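Just so you know, the sequence shown maps onto residues 1 to 345 in the UniProt record's numbering.
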Amino acid sequence: MKALVYMGPGKKEWKDAPKPILVDPTDAIVKVLKTTICGTDLHILKGDVPAVTAGRILGHEGVGIVEEVGSAVNNFKKGDHVLISCITSCGKCEYCKKQMYAHCEDGGWILGHLIDGTQAEVVRIPHADNSLYPIPPKANEEALVMLSDILPTGHEIGVLNGAVKPGDIVAIVGAGPVGMSVLLTAQFYSPAQIIMIDTDESRLELAKKFGATQTINPAKNDVLKIITEQTKDGVDVAIEAVGIPETFNICQDIIRPGGHIANVGVHGKSVDLQLQKLWIKNITITTGLVNTNTTSMLLKTVESKKIQPEQLITHRFTFDQMLEAYEVFSNAAREKTMKVIISNG
Ligand SMILES: [Zn+2]
Ligand SMILES: [Zn+2]
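Structure, rendered in structure tokens:
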């Protein structure tokens, strides 16, 4: 089979790789129908994630068809269409019992990280009963690819950790795929205003279409000044969806007393935590890795068209165009890329 293989920092190849086989009785072998590329894959390619070693097949998102299941898999059978979660979970360990699947003692984020991932014609999914979701008949499978990672990440680590409530003023810093997922899922909870902050004008335009009530470009405007003028004393919820000190600083500057800063971005270096200013404001700061404990709920909202995550897809490719898809995804500003879909045939 063909797969996208990490060959060490800065190097990747679309090449032949051995087809995965069942290893444990709880495994499923899934033929990948559609996959995508995540910002995390670009981090890995830069060499920022040293746990990923040369020879690893990347990718932790996708939908597919079950080809084979191990003897201990009860919920799935050959021919079932499935959504692959970016988080693998055994369902039995202490963390799984607390729904903290990200920290499963025999799982967590392992796909395309510690084991071979979904940017391949076929993938092995451990603990299939807990790590796959059945796809309802007639579902939009492209839309569901957004549920492998970005939508639950935006919803759980952004919206739920940020405790978005009716009437809140919410600021989202970063209008990339995860920031947009925050924007889509924040609307479940009826905030009064959603302010999207990003330096890319085309992404801000898109954010308005997806429900942002206001946009601010920090390259052209003083974010703190605008928010201070327009609100009493800042925003109720500030959600960081980039992962650099500058964007975390914006969140610290604009948060009002009693507010929540929810960090979603993956940071590569330390931030300057302004605790001397923040302690007296009774704020809550949260951060985390997606648990995917809301994936089933999100599936229902997509099925009922309450949200339409297919709006995030800007480019489509076939598997033999995998390297081109990476090129377009890595040059997001130039190509106006949000999410790409790569289909098997
Ligand atoms: Zn991801
Ligand atoms: Zn577990």
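C-beta atoms are modelled at their ideal positions from N, C-alpha and C, and glycine is treated no differently. Computed from a predicted model, the values in this text were never measured in an experiment.
Among the options, whose alpha-carbon lies nearest the alpha-carbon of residue i?
i	options	result
glycine 10	Val52, Gln276 and Ala28	Val52
alanine 192	Val170, Asp200, Asn161 and Ala207	Val170
alanine 219	Leu275, Val173 and Gln230	Val173
alanine 54	Lys225, Ile226, His113 and Tyr101	His113
valine 66	Ile135, Lys98, His60 and Met100	Ile135
asparagine 331	Glu13, Leu4, Cys38 and Glu303	Cys38
valine 30	Pro126, Leu45, Trp109 and Asn74	Pro126
proline 257	Val235, Tyr95, Phe317 and Thr294	Val235
glycine 345	Glu335, Leu275 and Glu121	Glu121
proline 18	Ile307, Val63 and Gly117	Gly117
asparagine 140	Thr185, His81, Ala175 and Gln119	His81
aspartate 198	Val242, Lys97 and Thr284	Val242
serine 270	Asn217, Ile244, Gln99 and Leu278	Ile244
leucine 33	Phe319, Val328, Thr337 and Lys336	Phe319
isoleucine 341	Leu312, Arg334 and Thr228	Leu312
asparagine 301	Asp168, Glu94 and Gln187	The displayed chain sequence assigns threonine, not asparagine, to residue 301. Closest by alpha carbon: Gln187.
aspartate 233	Gly259, Thr213, Asn221 and Asp222	Gly259
alanine 207	Glu327, Leu83, Leu58 and Met338	Met338
histidine 315	Leu298, Cys93 and Glu335	Glu335
residue 349	Gln252, Lys281, Asn282 and Thr294	One cannot answer for residue 349 here, as it falls past the ends of the chain, which runs 1 to 345.
aspartate 149	Leu299, Phe317, Ser304 and Glu324	Leu299
aspartate 16	Asn221, Met7 and Lys2	Lys2
phenylalanine 317	Glu303, Lys281, Ser343 and Thr228	Ser343
glutamate 240	Lys277, Thr295, Val159 and Pro50	Val159
phenylalanine 329	Gly8, Leu111 and Leu45	Leu45
threonine 185	Pro137, Met146, Gln214 and Asn217	Met146
leucine 151	Lys98, Met297 and Glu68	Met297
glutamate 310	Gly8, Phe210, Asp129 and Thr247	Phe210
asparagine 217	Arg203, Lys281, Lys138 and Glu327	Arg203
proline 137	Ser304, Thr294, Thr228 and Glu13	Ser304
glutamine 99	Thr295, Trp279 and Ala325	Thr295
asparagine 74	Ala128, Arg124 and Asp106	Ala128
aspartate 272	Thr247, Asn282 and Lys78	Thr247
cysteine 167	Leu111, Gly107 and Thr231	Before going further, note that residue 167 is glycine rather than cysteine in the sequence given. Cα-wise, what sits closest to glycine 167 is Thr231.
Across which residues does DSSP place residue i in a beta bridge pair?
i	result
glycine 64	Val32 and Val82
alanine 171	Ile195 and Ala238
valine 122	Lys31
arginine 334	DSSP, once it has assigned bridges, lists no residue as partnering arginine 334.
isoleucine 115	Leu111
lysine 15	Ala3
valine 340	His315
residue 350	Since the displayed the chain opens at 1 and closes at 345, residue 350 lies outside it and no answer follows.
tyrosine 133	Leu83
isoleucine 57	Val5
threonine 88	Gly108
CB residue i to CB residue j, shorter than 7 Å?
i	j	result
serine 181	serine 131	no
alanine 238	isoleucine 254	yes
leucine 42	methionine 322	no
phenylalanine 76	alanine 143	no
proline 25	alanine 72	yes
valine 290	glutamate 156	yes
asparagine 249	threonine 287	no
glycine 62	threonine 35	yes
leucine 22	glycine 70	yes
isoleucine 285	isoleucine 307	no
threonine 292	tyrosine 95	no
valine 178	glycine 162	no
glycine 268	aspartate 48	yes
isoleucine 194	alanine 212	yes
residue 346	valine 164	In the structure as shown, the chain begins at 1 and stops at 345. Residue 346 is therefore absent and cannot be evaluated.
isoleucine 84	tryptophan 109	no
glutamine 119	glycine 64	no
arginine 56	tyrosine 133	no
With hydrogens ignored, establish whether the beta-carbon of residue i is closer than 6 Å to any heavy atom of ligand 3.
i	result
glutamate 105	Ligand 3 is absent from the structure shown, which contains only ligand 1 and ligand 2.
Neighbouring residues (CB closer than 5 Å to any heavy atom of ligand 1): A Cβ closer than 5 Å to some heavy atom of ligand 1 marks a residue here, and those residues are Cys38, Thr40 and Asp149.
3 or more residues per run - each beta strand (DSSP E) lying fully within the UniProt domain "Alcohol dehydrogenase-like C-terminal" (177-299): 193-197, 214-216, 235-240, 255-263 and 284-287
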